[in-house]
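Undergrad: Top line first, the protein sequences correspond to chains A and F.
Our numbering numbers the first residue of the first sequence as 329 and each following residue consecutively.
Our numbering numbers the first residue of the second sequence as 329 and each following residue consecutively.
Just so you know, even glycine gets a beta-carbon here, dropped at the ideal spot from N, CA and C.
Protein chains: 2
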Amino acid sequence: MHAVLHYLKANQPRFIRELCELLRFPSISAQPQYKRDLRACAVWLTQHCRQIGLKAELCPTPGHPVVLARTPRRAGRRPHFLVYGHYDVQPPEPFELWESPPFEPTIRGRTLIARGSADNKGQHFAHLKAVEAYFKTGTALPCDLTFVLEGEEEVGSRNLPPFLRARRRELRCDAVVVSDTGMPAKNLPALTYALRGIVALELTLRGPARDLHSGLFGGSVENPAMALCQLLAKLRDARGRVTVPGFYDDVEPLTALERKQFKRLPGTEESYRRFLGVPELFGEAGFSSHERTTARPTFEINGLTSGYQGEGGKTIVPAWARAKITLRLVPGQRPGKIIKATVAWLKQLCPPTVRMEIGDCHGSMPYLVEPTGAHARAALRALQAAFHREPVLLREGGSIPIVNDFKKTLGVDTLLLGLALPDANAHSPNEKFDLDCFAAGQRMSALLWPELVKTA
Amino acid sequence: MHAVLHYLKANQPRFIRELCELLRFPSISAQPQYKRDLRACAVWLTQHCRQIGLKAELCPTPGHPVVLARTPRRAGRRPHFLVYGHYDVQPPEPFELWESPPFEPTIRGRTLIARGSADNKGQHFAHLKAVEAYFKTGTALPCDLTFVLEGEEEVGSRNLPPFLRARRRELRCDAVVVSDTGMPAKNLPALTYALRGIVALELTLRGPARDLHSGLFGGSVENPAMALCQLLAKLRDARGRVTVPGFYDDVEPLTALERKQFKRLPGTEESYRRFLGVPELFGEAGFSSHERTTARPTFEINGLTSGYQGEGGKTIVPAWARAKITLRLVPGQRPGKIIKATVAWLKQLCPPTVRMEIGDCHGSMPYLVEPTGAHARAALRALQAAFHREPVLLREGGSIPIVNDFKKTLGVDTLLLGLALPDANAHSPNEKFDLDCFAAGQRMSALLWPELVKTA
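Have a look at this one:
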């Protein structure tokens, strides 16, 4: 193990250069024009996996390909762990807010700035580098590993569940390891034991057959933008609660233990407010910001589009108005039930003066795993050894839909060992990844496999 | 006069070709990248005015130039009338809804389709062709005429009032004639005696310093798109009335005579609903659609912008949300007072969780002139003779801010003799101008000058 850790330490500059290569691919899965770039990124990853000694395969799907890479199998049954990551990234818009181009990785001090650096290229790359260290130092890995790196996480991982089902036999494993979450501070490593689920939908209200001159027609016809505002306004009440009937019925309340554990986290509400740059924090009455973002469900507008958006003005009644919406769910809530209730509520609230279309509906379950099992304890030991600090147990507000598919298809839990700091700007301009976390993540990964094998 | 009318009849094909040339300039005043096209359009118009025998001048302003063209002055004081038009056009977006490219004029039957065809190039071009007919047939014009063709009508005519003040002496006249309004049907010419005013503003709500990951941060911070929806939702009540305090205080009620006159207009509420393509009409309770669009004030959202608008999804809390807003005012209301009341109301309603910015505020007065004066009666005679039908008196819902400036600076009223049919799609995709109305408009203009001179 000493050789492995020494190899990691000695090769950081090269690892960073390689990560920068990976970050140069604009692998934006939400935008069809980048299909070739996603493929090029997957090809690069496949070749890189082969270079470090893995047996890698580029697996086509109806969408973007999956990179499947495994350690050479030995005779006999050994523990087998799966490492999941995704090479696709969020759209970089708005471009003008990036201080450096999103796909030209830029290093400032110990920070690497690029779209995808934290979410998720940098994080899964740390695990690849740990395996490389085992291979290149001739150190025996105490288990088999399989990397599953997909290209559709940011658009709902539609093709991964069928892929897992088709490859169920070769992917059978003892646990899944995912680094795609966060840690509260550079000196506070974390194991995440709960995630929020999500429901996404696109709501369009259509009024007149075409944009109308607001002077000639305004006043005699519903303005779809106003109808959309009045409709959406009713979805959240003054206490910050979602108004969809039955929305909170299945929400599991936080335990006293959990609320106490959250008090260990650094930072104050005021420092958090300053970090976000808002004049006042706002959320569901009766909960702290951390609770609101991790253990309470939400209704969020992700985008609004209607009428004229260019410079100056255009005096029209727009023909239509659209909102992109996501709801975050917490353990207990089920996407199917929430979609049904939300759509029914929207239909009930929609005025007869416009036509409603609801599209692009999809969802994923929230996730909750008890953090006291043998694997979790092994992961906590690896975190402690890699970071030289006592790790914390976290709930997180994001969604990693695929963890539910691992449970369903492979019957195993997922260890969420995140390496992104709170200011990583995932999904925002100037996304960044801390290079110390990158290095510590490699150590954690190297130390994790012997710890996990001990539990077998 | 026979020669003039014969010349007009004989030259229609060429006039249409020339109008198509004029329509090919993308003279979009709202979008700075078209500055050169506006200038090119103004240069073309200046040269065209010279070709037909006018003394034309391209007059620079701090914005787009004004084309000033006058008939050669004779000795002695003769009646002098001013013809106003604008060569700038509305933005053509959304492009995908145009059945032919907006700046490639297309003729279908008796309809000419192009941005600017009705609003306003086709309409002022009809007046130019009438003057050409006088000149080319050697027929004596009984008065002096000056054409003022500006390039900033669609962006508020900011530079025209100073231009009028600077040229007050040479623009001194007996009345202004403007064809920039509509007529209810091909067989129903109209004199418009009232226009709505307008107030425009741009409202931006700013929340977090950057777009935030809606999983990691959603629930703990106001969503500016939701704040905007909840704010704008409060601006109009369930009865279709604007909620700004004092908004209706100065509205002059319709007279019984006016409501009776409106009953002469063709069409039913049901045919109007079908024409607009809406499932139900909607507007202020207690008024007909015609009254709502011409004699009642409104609050309209012209555009909404927030967050991610591309394909697929992006799970963010947007950093900001913006609405482009216009309010239409009716006689009695004053833009300054309405701007003040609206801004105060928005500020009062704005939650403390976001920062509000209000920009791009401008407005113009409503217009009302008694349609029983000598000039109006002369215009009605010219309309009757040109269209062979009894004209109707109209209020119109649009705004032509400059008519108030003519009154203020030159002390004269404006005759609004519109040639656009209700389906002209002004400010909409597939804007069009009826070629029979184009021809009748030329006849009307030719017949107008002797009628107006009779009143002197």
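Taking ASP365 of chain F as the query, report the chain A residues whose CB atoms sit under 8 angstroms from its CB, ordered along the chain.
TA: Residue 365 of chain F sits at position 37 when you count from the first residue of the second sequence. The premise fails here: ASP365 of chain F is roughly 15 angstroms from chain A at the closest Cβ pair, so nothing lies under 8 angstroms.
Undergrad: Taking 9 angstroms as the CB-CB limit, is ASN758 of chain A close to chain F?
TA: Counting from 1 along the first sequence, the entry for residue 758 of chain A is found at position 430. Taking Cβ atoms only, chain F reaches closer than 9 angstroms to ASN758 of chain A, which makes this a yes.
Undergrad: Name, please, each residue of chain F whose Cβ falls closer than 9 angstroms to the Cβ of ASP785 of chain A.
TA: With chain A covering 329 to 784 only, the question about residue 785 of chain A has no answer from this structure.
Undergrad: Which residues, in chain order, does the stretch 585-606 of chain A contribute to contact with chain F at a C-beta distance below 8 angstroms?
TA: Of all residues in the stretch 585-606 of chain A, TYR600, LEU604, GLY605 and VAL606 have a Cβ within less than 8 angstroms of some Cβ in chain F.
Undergrad: Helix, strand or coil, according to DSSP, for THR621 of chain F in the structure here?
TA: Here the question's residue 621 of chain F lines up with position 293 in the second sequence. Helix at THR621 of chain F.
Undergrad: On the three-state DSSP scale, how would you describe SER634 of chain F?
TA: Start at 1 with the first residue of the second sequence, and residue 634 of chain F comes out as number 306. In this structure, SER634 of chain F counts as strand in the three-state DSSP scheme.
Undergrad: Does the count of Cβ pairs from the stretch 768-784 of chain A and the stretch 439-457 of chain A closer than 8 angstroms reach three?
TA: They touch, by the three-pair rule.
Undergrad: With distance defined between alpha-carbon atoms, name the residue in F:LEU347, F:GLN379, F:ARG378 and F:PRO390 nearest to ARG367 of chain F.
TA: To locate residue 367 of chain F, count along the second sequence from 1; it is residue 39. Selected option, being the one with the closest Cα: F:PRO390.
Undergrad: Is the CB-CB distance between ASN630 of chain A and LEU425 of chain A below 9 angstroms?
TA: Your numbering for residue 630 of chain A matches position 302 in the first sequence. Your numbering for residue 425 of chain A matches position 97 in the first sequence. Contact: no.
Undergrad: Excluding five sequence neighbours on each side, which residues of the same chain lie with their C-beta closer than 6 angstroms to the C-beta of THR621 of chain A?
TA: For this step, residue 621 of chain A is matched to residue 293 along the first sequence. Answer for THR621 of chain A: GLY725, listed in chain order.
Undergrad: Report yes if the CB atom of VAL549 of chain F is closer than 9 angstroms to the CB atom of LEU333 of chain A, and no otherwise.
TA: Taking the first residue of the second sequence as position 1, residue 549 of chain F is located at position 221. Taking the first residue of the first sequence as position 1, residue 333 of chain A is located at position 5. No, the Cβ-Cβ distance between VAL549 of chain F and LEU333 of chain A is not below 9 angstroms.
Undergrad: For the beta strand (DSSP E) containing LEU523 of chain A, list its first residue and its last residue.
TA: Here residue 523 of chain A refers to the residue found at position 195 of the first sequence. Unbroken beta strand (DSSP E) run through LEU523 of chain A: 518-523.
Undergrad: List the residues of chain A whose Cβ lies closer than 7 angstroms to the Cβ of ASN551 of chain F, in chain order.
TA: If you number the second sequence from 1, residue 551 of chain F lands on position 223. What ASN551 of chain F touches in chain A: GLU628 and ILE629.
Undergrad: Please list the terminal residues of the continuous alpha helix (DSSP H) segment that includes SER445 of chain F.
TA: As a first step, residue 445 of chain F must be located in the second sequence, where it is residue number 117. Where SER445 of chain F is concerned, there is no enclosing alpha helix (DSSP H), given that its DSSP letter is neither H nor E.
Undergrad: Are there 16 or more other CB atoms within 10 angstroms of the CB of LYS591 of chain F, so buried, or fewer, so exposed?
TA: Against the second sequence, residue 591 of chain F aligns to sequence position 263. Under this definition LYS591 of chain F is an exposed residue.
Undergrad: Quick test of your reading: GLU482 of chain F and ALA358 of chain F, contact by CB under 8 angstroms. State the CB separation rounded to the nearest angstrom.
TA: Position 154 of the second sequence, counted from the start, is the residue given in the question as residue 482 of chain F. Position 30 of the second sequence, counted from the start, is the residue given in the question as residue 358 of chain F. The Cβ separation is near 6 angstroms, so the contact holds.
Undergrad: Along the chain, where does the beta strand (DSSP E) containing TRP648 of chain A start, and where does it finish?
TA: Translated into the one-based positions of the first sequence, residue 648 of chain A becomes position 320. Counting along the chain, the beta strand (DSSP E) containing TRP648 of chain A begins and ends at 648-657.
Undergrad: Here's the rule: buried if 16 or more other CB atoms are within 10 angstroms of the residue's CB, otherwise exposed. What is GLU779 of chain A?
TA: Residue 779 of chain A sits at position 451 when you count from the first residue of the first sequence. The residue in question, GLU779 of chain A, is buried, as its Cβ has 16 or more Cβ neighbours within 10 Å.
Undergrad: Suppose you measure from the CA of PRO594 of chain A to the CA of ILE344 of chain A; what does that come to, to the nearest Å?
TA: By 1-based counting over the first sequence, the position of residue 594 of chain A is 266. By 1-based counting over the first sequence, the position of residue 344 of chain A is 16. If I take the Cα positions, the gap works out to 29 angstroms.
Undergrad: Does the beta carbon of ILE666 of chain A sit closer than 9 angstroms to a beta carbon anywhere in chain F?
TA: Looking up residue 666 of chain A in the first sequence gives position 338. Not an interface residue.
Undergrad: Could you please give the first and the last residue of the uninterrupted alpha helix (DSSP H) stretch that includes ILE666 of chain A?
TA: Numbered from its first residue, the first sequence carries residue 666 of chain A at position 338. Per DSSP, ILE666 of chain A belongs to the alpha helix (DSSP H) from 663-677.
Undergrad: In this structure, does DSSP put ASP472 of chain F in helix, strand or coil?
TA: For the purposes of this step, residue 472 of chain F is taken as the residue at position 144 of the second sequence. ASP472 of chain F falls in the strand class under three-state DSSP.
Undergrad: For HIS716 of chain F, which of helix, strand or coil comes out of DSSP?
TA: Stepping through the second sequence from its first residue, residue 716 of chain F is reached at position 388. It is coil, neither helix nor strand.
Undergrad: With DSSP as the reference, label CYS387 of chain A as helix, strand or coil.
TA: Here residue 387 of chain A is taken as the residue at index 59 of the first sequence, counted from 1. The answer is strand: DSSP assigns CYS387 of chain A an E or B state.
Undergrad: Grouping DSSP H, G and I as helix and E and B as strand, with all else coil, what is PHE627 of chain F?
TA: On the second sequence, position 299 is the one that residue 627 of chain F refers to. Of the three classes helix, strand and coil, the one that applies to PHE627 of chain F here is strand, per DSSP.
Undergrad: By alpha-carbon positions, which one of F:GLY479, F:PRO694 and F:HIS330 ends up nearest to VAL417 of chain F?
TA: In the second sequence, counting from the first residue as 1, residue 417 of chain F sits at position 89. The option with the nearest alpha carbon to VAL417 of chain F is F:GLY479.
Undergrad: Taking the alpha-carbon positions, what's the LYS449 of chain F to ALA613 of chain F distance?
TA: For the purposes of this step, residue 449 of chain F is taken as the residue at position 121 of the second sequence. For the purposes of this step, residue 613 of chain F is taken as the residue at position 285 of the second sequence. Those two C-alpha atoms are separated by around 37 angstroms.
Undergrad: With respect to the beta strand (DSSP E) encompassing LEU396 of chain A, which residues constitute its N-terminal and C-terminal limits?
TA: Taking the first sequence and counting its residues from 1, the one referred to as residue 396 of chain A is at position 68. That run of the beta strand (DSSP E) goes 394-398.
Undergrad: Name the residue from F:GLY543, F:PHE761 and F:ALA513 whose alpha carbon lies nearest to the alpha carbon of THR626 of chain A.
TA: Position 298 of the first sequence, counted from the start, is the residue given in the question as residue 626 of chain A. It is F:GLY543.
Undergrad: Is GLU550 of chain A helix, strand or coil by DSSP?
TA: The count along the first sequence starts at 1 and reaches residue 550 of chain A at position 222. Coil.
Undergrad: Does chain A have any CB closer than 9 angstroms to the CB of VAL682 of chain F?
TA: Sequence index remark: in the second sequence, residue 682 of chain F carries index 354 (1-based). Yes, VAL682 of chain F counts as interfacial toward chain A.
Undergrad: Return the residue from the list A:LEU585, A:ALA518, A:PHE575 and A:ALA561 that minimises the CA-CA distance to ILE666 of chain A.
TA: Position 338 of the first sequence holds residue 666 of chain A. With distances taken between Cα atoms, ILE666 of chain A lies closest to A:PHE575.
Undergrad: Do GLY769 of chain A and SER599 of chain A have their CB atoms nearer than 9 angstroms?
TA: Numbered from its first residue, the first sequence carries residue 769 of chain A at position 441. Numbered from its first residue, the first sequence carries residue 599 of chain A at position 271. Not a contact, by the Cβ cut-off of 9 angstroms.
Undergrad: CB-CB under 8 angstroms to ASP751 of chain A, same chain, minus the five flanking residues each way: which ones, in chain order?
TA: One-based indexing of the first sequence puts residue 751 of chain A at position 423. Taken in chain order, the residues that qualify are PHE603 and LYS760.
Undergrad: Quick check on CYS501 of chain F: does DSSP put it in helix, strand or coil?
TA: Taking the first residue of the second sequence as 1, we reach residue 501 of chain F at position 173. Coil.
Undergrad: Mind listing which residues of the stretch 469-483 of chain A have their C-beta closer than 7 angstroms to chain F's C-betas, in chain order?
TA: Here the close residues are VAL483.
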